[in-house]
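Residue numbers (the working numbering): 14 to 613.
A virtual CB, placed ideally from N, CA and C, is assigned to each residue, including glycine.
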Amino acid sequence: MGNDVTVMLPSYNAGRYLKEAVQSVFDQTYTNWKLIIVDDASTDNSIDTIQKFLKDPRVTLIRNPQNLGQSKSQNVALQLVDTPYVIQLDADDLFFPNTIERLKQEADKQSEDVAVFYGNFMYIGDGMKKGKKKAHIRRYRQFKDGYDFLLEDCTVRPRFYRTSALKRVGGWPTDDPYEGRYIEDRSIILRLFEYYRCRWVDETLYKYRKHSSNLSKAIEVNGEVVEWVVREALKRWGDHYKPVFAFHEGWNRMVQLVPKKNSFNNKLGISYGGLMPKPKEIVFGGRVKLRHLGENFPEDKLNYNLMYLVSSYLPACAEQKVKVCRENGIKLVWNQNGVAFPAWAGKAYKDMNERRRNLRKQADWVIYQSNFCKMSADKFLGQYNGKFSILYNCVDTTSFTPPKKIPSLSKIRLLVMGSHYDKERVTLALDTLALLLKSGVRAELQIAGNLKWPNAKKEVRSKISSLRLDKHVRITDSYLQEDAPKFYRKTHILLHFKYNDPSPTVPIEAMACGIPVIGSRSGGMTELLGKDGGTTLEVPFSWEKMYYPSAKAAADAVTIIMKDWKAWSSKARKRAVKHFSKEKWLKEHKKIFSKVVESN
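Here it is, written out as structure tokens:
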């Protein structure tokens with residue numbers, strides 16, 4: 014059997030890592046490989062460390078008389094390749110023992126129009142053996158085309174190619190301002206996507222070493238080349254999109270593709286800024302709304318004429334994305350939740366609001382999640398004179414339903430639910446439970462959702478212990494959205510004491526399950542509960558200070574509701590179905606989208 018795979022290993026001053034990289038080739042379970050090492054005019058002794066490997070007839074060493082850079086070095090090697098496949102290995106990285114075998118197996122099964130094969134990689138650091146850094150896996154996905162790959166803003170590892178495809182496109186491009194010295198991996202894949210498809214093998218097949226010598230010392234240059242490579246690729250592909258670049262997480266990244274004006278069609282297409290949750294992802298807050306919308310209005314990251322943003326969950330680089338979208342005629346619908354105010358955000362409230370102020374004023378339509386949301390936005394973000402709607406959050410009333418058998422009323426089951434950033438919404442519930450128990454009432458409390466404030470778990474456990482509630486409290490951390498109804502159905506009353514909560518979804522979900530709510534008479538709570546969804550407890554109004562009802566007032570409210578719980582439960586369910594159904598919410602969105610897209 015002849016050799017089928019050539020390992021291409023460019024190296025420049027790789028030091029001790031080169032020997033480890035070459036050893037990982039020799040450790041392969043598949044042995045019919047060739048290895049071409051291109052030393053790009055190194056000035057260290059790295060080649061001396063691999064002398065024993067050079068005796069193997071499968072190994073070829075090329076020594077460039079002068080430094081050419083990554084792409085030109087690989088093109089030198091490509092001229093010598095006579096095998097059907099090529100796999101690239103950086104001089105400071107490693108293969109897993111089965112890397113070549115698995116990728117060749119996959120390549121042999123695919124048709125000739127599949128030219129790039131890749132897996133997942135493990136990040137390794139210099140301190141791995143000493144336990145200074147933990148390994149983690151970078152898992153990729155299947156890319157359907159070049160645009161899909163561009164939108165992921167990544168490269169792939171390992172990279173296994175059909176040799177014929179590499180030669181068809183002329184090898185690694187060197188026509189950029191730096192002649193292929195930077196991001197050559199992304200550049201070649203974009204070229205190949207013009208003629209070929211790719212294939213992902215969902216296995217960890219590469220060890221990528223990240224250390225001080227390969228952390229970018231030329232971020233500015235790298236960013237410049239990224240822009241050049243992306244813009245040139247888009248031009249070659251028909252020039253239908255304008256890329257949005259932004260400095261994010263230490264790098265200049267392409268964060269969105271915006272369709273140009275002449276690419277529009279009459280069909281509604283929506284971008285959510287790339288924030289649509291994955292199917293099994295744990296979501297809360299603004300992302301719950303996006304999941305609901307995605308069922309009827311799926312995100313189209315390429316062919317869209319409307320952008321939808323939620324103020325409480327903005328995408329990275331939202332300002333740059335909106336700017337380019339507006340320049341290219343993309344409409345903007347802005348969903349406004351709460352704002353930052355002094356009691357909640359301290360001195361930072363102005364800076365936190367400024368970003369949303371600038372984005373909201375560019376909107377073609379603003380959806381306020383409650384009248385309180387509009388009032389607070391007008392105060393802290395300034396007046397908005399465009400078109401708007403008041404549209405409360407929704408609940409799927411077919412999933413969030415009352416239990417077939419209600420929990421026994423002989424013991425009161427209380428619930429606090431959601432993401433708990435304010436400790437009072439939990440500690441006040443504990444105080445309420447303690448008062449009920451002290452008065453001789455049988456009761457228990459379920460705390461569901463992450464405790465988010467500093468030292469939260471320790472503080473809550475301490476309070477539970479000091480109040481002697483250990484046998485009466487259960488704590489569940491994060492939960493999937495589809496599991497939320499299970500918590501409500503085991504409950505009699507939801508306690509929701511967050512101050513000035515603008516438009517919380519948890520009380521709506523509770524009502525849909527026939528669970529009355531006791532909350533703070535602040536924010537949007539009175540709008541949500543009305544007279545039938547439960548009761549709110551008096552607190553002073555303030556932007557400068559947080560106020561909470563007393564535990565006694567809460568305990569008294571629990572007692573009152575429990576005296577006629579079945580009636581309260583029925584009214585809560587009816588209110589949720591009438592005012593907050595997902596069907597109604599989606600219909601209102603459809604009307605808004607139609608009006609916005611049709612407007613000039």
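Asked	Found
Check whether residue 163 and residue 270 have beta carbons under 8 Å apart	yes
Same chain, Cβ closer than 6 Å to residue 449, neighbours up to 5 away in sequence not counted	456, 568
Exposure label - residue 390; buried when at least 16 CB within 10 Å	buried
Complete beta strand (DSSP E) runs within the region 317–400 (minimum length 3 residues, chain order)	319–323, 344–349, 378–381
Close-in-space but distant-in-sequence residues of the same chain around residue 94 (CB under 6 Å, 5 per side omitted)	19, 176
Through-space distance from residue 422 to residue 298, alpha-carbon basis	31 Å
Candidates 168, 52, 508, of which the one nearest residue 156 by Cα	168
Residue 153 (DSSP reduced to helix, strand or coil)	coil
Straight-line gap, residue 111 to residue 193 (C-alpha atoms, nearest Å)	30 Å
Reduced DSSP secondary structure (H/G/I, E/B, other) of residue 254	strand
Whole-number beta carbon distance between residue 505 and residue 415, since they are thought to touch under 8 Å	Going by Cβ atoms, the distance from residue 415 to residue 505 rounds to 12 Å, so no, they are not a contact pair.
3-residue-minimum beta strand (DSSP E) runs that sit fully inside the region 82–145, ordered along the chain	98–101, 127–137
Closest residue to residue 59 among 382, 601, 25, 80 (Cα-Cα distance)	25
Contacting residues, own chain, Cβ-Cβ under 7 Å from residue 357 (five flanking each side not counted)	none
Element boundaries [alpha helix (DSSP H), containing residue 207]	Unbroken run through residue 207: none, as it is neither H nor E.
Cβ-Cβ distance between residue 510 and residue 532 below 8 Å	yes
C-beta atoms of residue 382 and residue 350 nearer than 8 Å	yes
Reference residue 232; option with closest CA among 265, 396, 340	265
8 Å Cβ cutoff met for residue 373 and residue 404	no
Between the CA atoms of residue 320 and residue 340 - distance to the nearest angstrom	13 Å
Per-residue DSSP class, three states only, for residue 445	helix
Sheet register partners of residue 459 (DSSP bridge)	428, 487
Identity of the residues DSSP links to residue 284 by a beta bridge	320
Candidates 303, 301, 91, 304: closest to residue 180 by CA position	91
Collapsed DSSP secondary structure at residue 241 in the structure displayed	helix
Beta-carbon proximity list for residue 432, same chain, < 8 Å, skipping 5 on both sides	297, 298, 462, 463, 465
Start-to-end residues for the alpha helix (DSSP H) that takes in residue 36	29–39
Nearest residue (CA-CA) to residue 160, options 243, 103, 138	243
Span separating the alpha-carbon of residue 173 from that of residue 214	11 Å
Between the CA atoms of residue 300 and residue 134 - distance to the nearest angstrom	29 Å
Bridge partner(s) assigned by DSSP for residue 174	99, 129
Whole-number beta carbon distance between residue 429 and residue 542, since they are thought to touch under 8 Å	About 16 Å separates the two Cβ atoms, so there is no contact after all.
Straight-line Cα distance separating residue 263 from residue 523	42 Å
Backbone CA spacing between residue 597 and residue 605 [nearest angstrom]	13 Å
Stretch pair the region 549–567 + the region 399–413: three plus CB contacts closer than 8 Å	no
CB contact check: residue 189 to chain D, cutoff 8 Å	Checking the listed chains, one finds no chain D in this structure; it contains a single protein chain.
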